[in-house]
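J.: By the numbering used here, the letter at position 272 of the sequence shown is numbered 273, and the numbering carries on one by one without gaps. Where a beta carbon is used, it is the ideal one built from N, C-alpha and C, also for glycine. Would you mind keeping the following structure in view while I ask a few things?
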Amino acid sequence: MTISKWSWLAGITVGITTSMLGCSDDSSTPGSIDAGNPEGSVGGQAGAGGGAGNAGNAGKGGAAGTAGAAGQAGAGGSNAGGSGGIAGAGGAAGLGGAAGSTAGTGGTPGTPAVRFIGRFDTSDPAGPQFEWSGSEMQARFNGTEVKVHINGSPNQYEAVVDGQASKVVHPGGDQTLTLASGLAPGDHEVRLYRITEAFFWSAQFLGFDFGSGALLAPPAAPDRRIEVVGDSISAGYGIEGTSASCTFSADTENHYFTYESISARDLGADLITLAWSGIGMYRNSGGDMNDPRMPERYLLTMPDFPNTAWNFSSWTPHAVVINLGTNDFSTGNPGQPFADAYLTFVTDMRGRYPNAWIYLATSPMLGDPEQGQQKTHLQWVINQRAAQGDTKVKLLLFATQDQADGLGCDWHPNLVTNQKMAAEMTKALKADLGW
């Protein structure tokens, strides 16, 4: 695969306003699958610096740097993609397969295969490469152990074997990591989720290894698909932090515990998240207008590589949640240009997804008056779409986070707040889609 890296790196902005509670974590390479006080309070800005390194065919990337705290009302990006089909014969070694189409569903029923959910670049026959938070690999196998062979930059994963989750750290390079051992003989299921976001660079899946076991037909794909487009809130920035005083770290970021992941599991739906910390719809954290904003990164399979265009016909969601605006508001009300950019994004999305429900979410990292201003802009977008006969664009209200519930790093929503957000999202989708 011939790919060119974005030539700019992330800038870190620091800002404080008294009317918002949050952090603006501004990072830039494109990339793919914040808390407020009603009275206003000082928020911490957390930047996550992009790393260096190569993403080439081997998928190797340098480690991502981290950047400091401070600033206000920031939220990171989110991006996610379709589900890719995969090859992969089991064999005596039980190796799960490698490449396939970005849009595949994981093989013919009954055929041993690995199922992929997310945006995967399959141009390298050695194995698919991926960057977005929440990129997922699923398999069923017969045996007593499972390992994964991964190459690329350091990232973290959530391994779920027979419903039991545990964190797995990939230190970088070509590694084989144990996900489970000593299992009872028989059939098992493994799901591996990327829980760190795209600016930690690319990774390449080279297969599952089941020892003397064997790969089986993949889990059945549910007929429910959700796409979430967002920033650091949707990426899980700081979600495992114990207070607002901690700054950005891969150890405290976990997409698996975000509101959209919880909601998707509750609803039994496949999820693709397209999230990027510090990103905005019209402008990024700190008012940045130079680095790509979500309308640009959203188009990519690999958000760090601008020539990896995503094939939107490969995966069509039933519902889309757009959770952007925290960073647009990091330097005050962005005004009509924000609403105009939002309307263009939603209109383009409607062209790609003619029948999907589209939800425009308010930010839990914005307090008064910013969240009210954001709501006004979103309602204007909804009204404009309704005037065109589009009645499936709705507001999704996420309340300003309550400090009594605790805070994640740099004022981002913690697990408790994400659980509350998940309940609102689940309720809305059940009501409209009959799930």
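By Cβ distance, which residues of its chain are closer than 8 Å to Leu217, with the 5 residues on each side in sequence left out?
T.: For Leu217, where only same-chain residues beyond five positions count, the Cβ hits under 8 Å are Gly91, Pro113, Ala140, Arg141, Phe142, Asn143 and Asp188.
J.: By the DSSP assignment, the alpha helix (DSSP H) with His378 in it spans what residues?
T.: Per DSSP, His378 belongs to the alpha helix (DSSP H) from Glu371 to Ala388.
J.: Could you tell me the alpha carbon to alpha carbon distance between Gly237 and Asn384, rounded to whole angstroms?
T.: Going from the Cα of Gly237 to the Cα of Asn384 covers about 31 Å.
J.: Determine, using beta-carbon pairs with one atom in the stretch 375–390 and one in the stretch 345–355, whether at least three such pairs fall under 8 Å.
T.: The stretch 375–390 is in contact with the stretch 345–355.
J.: Can you list, in chain order, the residues of its chain with a C-beta nearer than 7 Å to that of Pro223? Leave out the 5 residues immediately preceding and following it.
T.: Here the set comprises Gly269, Ala270 and Asp271.
J.: Leaving out five residues on either side along the sequence, give the residues of the same chain with a beta carbon under 7 Å from the beta carbon of Ser235.
T.: Within the same chain, Ser235 has close Cβ partners Ser79, Val229, Thr259, Glu261, Thr274, Ala276 and Asn324.
J.: Find out if the Cβ-Cβ distance for the pair Pro338, Met422 is shorter than 8 Å.
T.: No.
J.: For the stretch 329–343 against the stretch 404–415, are there 3 or more C-beta pairs whose distance is under 8 Å?
T.: As far as the Cβ criterion goes, the stretch 329–343 does not touch the stretch 404–415, which means the pair count is below three.
J.: With a cut-off of 8 Å, do at least 3 Cβ pairs link the stretch 192–210 to the stretch 146–159?
T.: Yes: at least three Cβ pairs fall under 8 Å.
J.: If you draw a straight line from the alpha carbon of Ser134 to that of Gly239, how long is it in whole angstroms?
T.: Roughly 14 Å between the two C-alpha positions.
J.: Going by beta carbon distance, what residues of the same chain come within less than 7 Å of Val417, once the five residues before and after it are set aside?
T.: Only Asp406 and Gly407 meet the Cβ criterion.
J.: Just to confirm the assignment: which complete beta strand (DSSP E) runs, minimum length 3, are found wholly within the stretch 238–294?
T.: Correct list: 271–277.
J.: Taking the C-alpha atoms as reference points, what is the distance between Ser182 and Pro172?
T.: So the two alpha carbons sit approximately 20 Å from each other.
J.: In angstroms with no decimal places, state the Cα-to-Cα distance between Arg298 and Pro186.
T.: About 44 Å.
J.: Among the residues of its own chain, which have a CB less than 6 Å from the CB of Gly288, if the five just before and after it don't count?
T.: So the qualifying residues of the chain are Thr332.
J.: Can you give me the C-alpha to C-alpha distance between Ser213 and Leu180, rounded to a whole angstrom?
T.: Taking the straight line joining both Cα atoms gives about 15 Å.
J.: By alpha-carbon positions, which one of Arg116, Arg120 and Phe211 ends up nearest to Val147?
T.: The shortest C-alpha separation from Val147 is found at Phe211.
J.: On a CA-only basis, which of Pro335, Val394 and Asp369 is nearest Tyr354? Give me that one, please.
T.: It is Val394.
J.: What's the gap between the Cα of Leu184 and the Cα of Gly242?
T.: Rounded to the nearest angstrom, the two C-alpha atoms are 32 Å apart.
J.: For Ala160, which option in Gly174, Ser136, Asp175 and Asn152 has the closest C-alpha, if you only look at C-alpha atoms?
T.: Nearest of Gly174, Ser136, Asp175 and Asn152 to Ala160, Cα basis: Ser136.
J.: When you compare only the Cα positions, how much space is there between Asp122 and Ala310?
T.: Going by the C-alpha atoms only, they are around 10 Å apart.
J.: Nearest to Glu132 by alpha carbon, out of Ser167, Lys168 and His256?
T.: Closest option to Glu132, Cα to Cα, is His256.
J.: On the CB-based measure, 16 or more other CB atoms within 10 Å of its CB, does Asp292 come out buried or exposed?
T.: Per the 10 Å Cβ criterion, buried.
J.: Within 10 angstroms of the Cβ of Asp305, are there 16 or more other Cβ atoms? Answer buried if so, exposed if not.
T.: When all chains shown are included, Asp305 counts as buried.
J.: With a CB to CB cut of under 7 Å and the five nearest residues on each side skipped, what residues in its chain are close to Ser244?
T.: Taken in chain order, the residues that qualify are Leu408.
J.: Should Gly119 go down as buried or exposed, given a rule of 16 or more other Cβ atoms within 10 Å for buried?
T.: Classification for Gly119: buried.
J.: Measuring from the CB of Gly390, is there a heavy atom of the ligand COA at a distance below 7 Å?
T.: Questions concerning the ligand COA fall outside what the structure shown contains, since it holds no ligand whatsoever.
J.: Which two residues bound the contiguous alpha helix (DSSP H) that contains Leu430?
T.: It spans Leu416 to Leu434 - the alpha helix (DSSP H) in which Leu430 sits, taken as one unbroken run.
J.: Tell me, to the nearest whole angstrom, how far the beta carbon of Phe209 is from that of Val149; I am working on the premise that it is less than 8 Å.
T.: Sure, about 6 Å apart at Cβ, within 8 Å.
J.: I need the straight-line Cα distance from Trp358 to His319, nearest angstrom please.
T.: Their Cα atoms are separated by approximately 6 Å.
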